[in-house]
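Engineer: Chains as they are written, first to last, in this note's numbering: chain A, 2 to 245; chain B, 2 to 245.
We put the CB at the ideal spot given by N, CA and C, even for glycine.
Pasting a structure here, questions to come.
Number of protein chains: 2
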Amino acid sequence: MTGALTIAGLGPGDDALVTPEVSAALASATDILGYAPYVARVAPRDGLTLHPSDNRMELQRASDALRLASEGRNVVVVSSGDPGVFAMASAVFEALEASSEWRDLPIRVLPGITAMLAAAARIGAPLGHDFCAINLSDNLKPWSVIEKRLRLAAEADFAIALYNPRSVSRPDGFQRALETLRDAGAGERIVIFARAVTTPDEKIETVQLSEARAEMADMRTLVIIGNSATRRVGRWVYAPRQVR
Amino acid sequence: MTGALTIAGLGPGDDALVTPEVSAALASATDILGYAPYVARVAPRDGLTLHPSDNRMELQRASDALRLASEGRNVVVVSSGDPGVFAMASAVFEALEASSEWRDLPIRVLPGITAMLAAAARIGAPLGHDFCAINLSDNLKPWSVIEKRLRLAAEADFAIALYNPRSVSRPDGFQRALETLRDAGAGERIVIFARAVTTPDEKIETVQLSEARAEMADMRTLVIIGNSATRRVGRWVYAPRQVR
Chain A
2 MTGALTIAGL GPGDDALVTP EVSAALASAT DILGYAPYVA RVAPRDGLTL
52 HPSDNRMELQ RASDALRLAS EGRNVVVVSS GDPGVFAMAS AVFEALEASS
102 EWRDLPIRVL PGITAMLAAA ARIGAPLGHD FCAINLSDNL KPWSVIEKRL
152 RLAAEADFAI ALYNPRSVSR PDGFQRALET LRDAGAGERI VIFARAVTTP
202 DEKIETVQLS EARAEMADMR TLVIIGNSAT RRVGRWVYAP RQVR
Chain B
2 MTGALTIAGL GPGDDALVTP EVSAALASAT DILGYAPYVA RVAPRDGLTL
52 HPSDNRMELQ RASDALRLAS EGRNVVVVSS GDPGVFAMAS AVFEALEASS
102 EWRDLPIRVL PGITAMLAAA ARIGAPLGHD FCAINLSDNL KPWSVIEKRL
152 RLAAEADFAI ALYNPRSVSR PDGFQRALET LRDAGAGERI VIFARAVTTP
202 DEKIETVQLS EARAEMADMR TLVIIGNSAT RRVGRWVYAP RQVR
């Protein structure tokens with residue numbers, strides 16, 4: 002048997018948002034690797050070995066997955082959302098680059114509904130005009146880079162999706178990000194706090210950036226900051242298509 | 002019967018990338034509206050009326066959909082990709098804002114796999130680090146805004162997804178965009194031309210930005226420009242997670 006590695010996105014949480022392509026990959030897998038809460042979304046069955054691991058184990062997990070595939074297993078690495086957006090796909094290609102022995106393995110990346118798309122859909126269309134996505138975790142990049150990108154994104158008048166805004170180990174960065182955006186003149190923009198979107202814990206809140214507080218976000222929150230033209234209609238928030 | 006309006010994303014082309022949520026909405030619809038090639042992706046059946054329309058008819062289509070829903074129909078507006086990314090969702094909320102009579106209609110937005118996620122998955126993980134998405138069509142915004150955003154995106158070192166890079170009615174903008182990015186110092190970055198991703202016409206090409214030519218894109222192409230650290234491993238292109 003020839004092994005293969007698939008890197009698959011499970012979407013934001015609701016099974017109705019898992020693509021048939023991903024469901025088929027899970028159904029034919031022999032081994033599933035990923036951060037434990039994501040692996041827990043896959044039902045156990047005979048012939049399937051689940052390999053849950055801790056957060057921040059991305060590179061080790063990627064190497065383990067490549068090794069298993071090289072041994073003939075049909076391996077799926079699962080990410081929440083889309084595997085190519087601040088998730089496992091980059092880690093797998095880093096591990097692939099680090100060791101030439103796996104270079105010829107069949108690899109597939111299967112896209113998923115990333116959190117910002119699910120969050121945007123719930124509240125209307127805040128990403129209907131040009132936008133950017135910034136990972137606020139400074140585990141793998143200096144804060145100065147994050148701050149520079151926030152300033153330039155505000156100047157470009159992008160809507161801004163902020164992934165991983167805040168966690169127990171990074172309690173202060175999001176507050177600094179909010180201050181940076183206020184300094185950059187974005188204080189009147191609409192901010193969307195979308196927590197645990199499409200799960201039973203879903204909670205969505207909108208405030209003006211000047212009134213946003215860091216405590217409104219935690220590690221399950223996706224934050225979207227509208228552009229300067231983003232507006233409300235009834236319970237909805239959307240970015241107009243036209244800019245003058 | 003109470004009518005309802007659903008704005009649904011069909012993904013990039015392959016039916017295996019249509020979410021079960023969207024498939025269910027299509028199965029229970031009485032009326033489907035959208036740009037003709039997208040409506041053509043929905044199989045005809047008894048009790049279903051298809052309403053294909055031309056491109057650039059977005060606002061009229063949105064009003065028609067809201068009116069049909071107000072008359073008690075179960076209406077689905079379809080977009081390719083994700084309806085909230087340069088697609089129909091913003092147009093529907095604009096139409097909703099323009100006329101208060103439809104303000105209480107039940108509306109849902111159902112996300113889909115947008116082109117940049119599908120394209121990124123095919124080539125590796127070029128959106129694995131911070132990125133932005135810019136619509137190159139200047140039908141609804143002045144070119145000066147596009148150019149400013151390209152310069153700032155290059156300065157921020159975002160990977161850049163370019164939607165609608167080129168069409169018969171806009172043959173020259175993409176060339177100007179490439180020149181702007183070269184001027185901004187991005188000439189050595191990797192560019193991915195992803196045409197008709199996940200369809201039988203799929204074609205993916207990668208070149209250095211300095212060698213990119215406008216003719217490499219048409220209206221079915223999604224262009225991704227890597228950030229300054231984006232690299233190749235074998236046939237793959239990916240953005241490393243770490244920035245120093």
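So with CB distances below 8 Å, who are the chain B contacts of A:Trp237?
Structural biologist: Under the 8 Å cutoff, chain B gives Phe94, Leu97 and Ile108.
Engineer: Can the beta-carbon of A:Pro262 be found less than 8 Å from the beta-carbon of A:Ala28?
Structural biologist: For chain A, the structure presents residues 2 to 245; residue 262 of chain A sits outside this window and is missing.
Engineer: Can you give the Cα-Cα distance for B:Ala185 and B:Glu156, rounded to whole angstroms?
Structural biologist: Rounded to whole angstroms, B:Ala185 to B:Glu156 spans 7 Å at the Cα level.
Engineer: If we require 3 or more residues per run, which beta strand (DSSP E) segments fall completely within the stretch 81 to 153 of chain A?
Structural biologist: If we require 3 residues or more, the beta strand (DSSP E) runs fully inside the stretch 81 to 153 of chain A come out as 108 to 111 and 132 to 136.
Engineer: Between B:Glu102 and B:Leu60, what straight-line distance do the alpha-carbon atoms span, to the nearest angstrom?
Structural biologist: So the two alpha carbons sit approximately 16 Å from each other.
Engineer: Would B:Ile226 pass as an interface residue toward chain A - the criterion being a Cβ-Cβ separation below 8 Å?
Structural biologist: It does not: the Cβ of B:Ile226 has no partner Cβ on chain A nearer than 8 Å.
Engineer: Under 8 Å between beta-carbons, which chain A residues line up against B:Lys149? List them in chain order, please.
Structural biologist: Those within 8 Å of B:Lys149 in chain A are Ala157.
Engineer: Along the chain, where does the alpha helix (DSSP H) containing B:Ser1 start, and where does it finish?
Structural biologist: Because residue 1 of chain B is not part of the residues shown, which for chain B are 2 to 245, the question remains open.
Engineer: For the stretch 12 to 35 of chain A, enumerate the residues whose C-beta is nearer than 8 Å to any C-beta of chain B, in chain order.
Structural biologist: Residues Gly12, Asp15, Asp16, Ala17, Leu18, Val19, Thr20, Pro21, Glu22 and Ala25.
Engineer: Decide if the stretch 151 to 170 of chain B is in contact with the stretch 220 to 228 of chain B; the criterion is three or more beta carbon pairs, one per stretch, under 8 Å apart.
Structural biologist: Yes, the stretch 151 to 170 of chain B is in contact with the stretch 220 to 228 of chain B.
Engineer: Along chain B, which residues have their Cβ under 7 Å away from the Cβ of A:Val234?
Structural biologist: By Cβ distance, chain B contributes Phe94, Leu97 and Glu98.
Engineer: List, in order along the chain, the chain B residues whose C-beta lies closer than 7 Å to that of A:Asp83?
Structural biologist: Going along chain B in sequence order, the residues near A:Asp83 (Cβ under 7 Å) are Leu118.
Engineer: If we cut at 8 Å on Cβ distances, does A:Lys142 have a partner in chain B?
Structural biologist: Cβ-Cβ to chain B under 8 Å: yes for A:Lys142.
Engineer: Following the continuous alpha helix (DSSP H) through B:Gly10, name the residue where it begins and the one where it ends.
Structural biologist: Counting along the chain, B:Gly10 falls outside any alpha helix (DSSP H), though it belongs to the beta strand (DSSP E) covering Ala5 to Gly10.
Engineer: Answer yes or no: do B:Pro38 and B:Thr199 have a C-beta to C-beta separation smaller than 8 Å?
Structural biologist: No. Outside cutoff.
Engineer: I'd like to know whether the C-beta of A:Asp55 is nearer than 8 Å to at least one C-beta of chain D.
Structural biologist: Note that chain D does not occur in the displayed structure, where the protein chains are A and B.
Engineer: I'd like to know whether the C-beta atoms of B:Arg42 and B:Leu11 end up nearer to each other than 8 Å.
Structural biologist: Yes; because the gap between Cβ atoms is below 8 Å, this pair is in contact.
Engineer: From the DSSP secondary-structure annotation, give me the bridge partner or partners of A:Tyr239.
Structural biologist: In DSSP, A:Tyr239 forms a bridge with A:Ala126 and A:Arg232.
Engineer: At the level of alpha carbons, what is the spacing between A:Ile108 and A:Ala66?
Structural biologist: Straight-line Cα distance between these residues: approximately 11 Å.
Engineer: From the beta carbon of A:Gln209, is the nearest beta carbon of chain B less than 8 Å away?
Structural biologist: Judged by the 8 Å Cβ criterion, A:Gln209 is not in contact with chain B.
Engineer: List, in order along the chain, the chain A residues whose C-beta lies closer than 9 Å to that of B:Arg104?
Structural biologist: What B:Arg104 touches in chain A: Val234 and Gly235.
Engineer: For A:Ala126, I'd like the list of residues in its chain whose CB is within less than 7 Å of its CB, leaving aside the five on either flank, ordered along the chain.
Structural biologist: Taken in chain order, the residues that qualify are Tyr239 and Ala240.
Engineer: On the three-state DSSP scale, how would you describe A:Ala157?
Structural biologist: Looking at A:Ala157 - three-state DSSP - the assignment turns out to be coil, as it is neither helix nor strand.
Engineer: Which residues in chain A have a C-beta closer than 8 Å to the C-beta of B:Asp131? List them in chain order.
Structural biologist: Near B:Asp131 (Cβ distances below 8 Å), the residues of chain A are Cys133, Ala134, Ile135, Asn136 and Arg150.
Engineer: DSSP has A:Pro53 in a bridge; who is on the other side?
Structural biologist: A:Pro53 is bridged to A:Gly35.
Engineer: Hey, out of B:Ala218, B:Glu95 and B:Ile114, whose CA is closest to A:Gly235's CA?
Structural biologist: It is B:Glu95.
Engineer: List the whole-angstrom C-beta distance separating A:Thr181 from A:Arg152, where the pair is believed to meet the contact cut-off of C-beta under 8 Å.
Structural biologist: Confirmed, about 6 Å.
Engineer: Do B:Gly249 and B:Thr20 have their C-beta atoms closer together than 8 Å?
Structural biologist: With chain B running from 2 to 245 in the structure shown, residue 249 of chain B is simply not present.
Engineer: Around the Cβ of A:Asp131, are there at least 16 other Cβ atoms within 10 angstroms (buried) or fewer (exposed)?
Structural biologist: A:Asp131 comes out buried.
Engineer: Please report the straight-line C-alpha distance between B:Pro201 and A:Phe175, rounded to a whole angstrom.
Structural biologist: When rounded, the distance between both Cα atoms is 44 Å.
Engineer: What are the boundary residues of the alpha helix (DSSP H) that includes B:Arg183?
Structural biologist: B:Arg183 -> alpha helix (DSSP H) spans Gly174 to Asp184.
Engineer: Please list, in chain order, the chain A residues whose beta carbon lies closer than 9 Å to that of B:Pro38.
Structural biologist: The contacting residues do not exist; B:Pro38 stays about 20 Å from chain A at best.
Engineer: What's the gap between the Cα of B:Glu22 and the Cα of A:Arg171?
Structural biologist: Their backbone Cα atoms lie some 35 Å apart in a straight line.
Engineer: Quick one: measure Cβ to Cβ for B:Val76 and B:Ala30, integer angstroms, because I've assumed they're closer than 8 Å.
Structural biologist: Going by Cβ atoms, the distance from B:Val76 to B:Ala30 rounds to 7 Å, so yes, they are a contact pair.
Engineer: Determine the contact status of B:Ala121 and B:Leu128, defining contact as a CB-CB distance below 8 Å.
Structural biologist: Their beta carbons are under 8 Å apart, which means B:Ala121 touches B:Leu128 by this criterion.
Engineer: Near B:Thr50, which residues of its chain fall below 8 Å by C-beta distance, leaving aside the five closest residues on each side in sequence?
Structural biologist: Correct list, in chain order: Thr31, Asp32 and Ile33.
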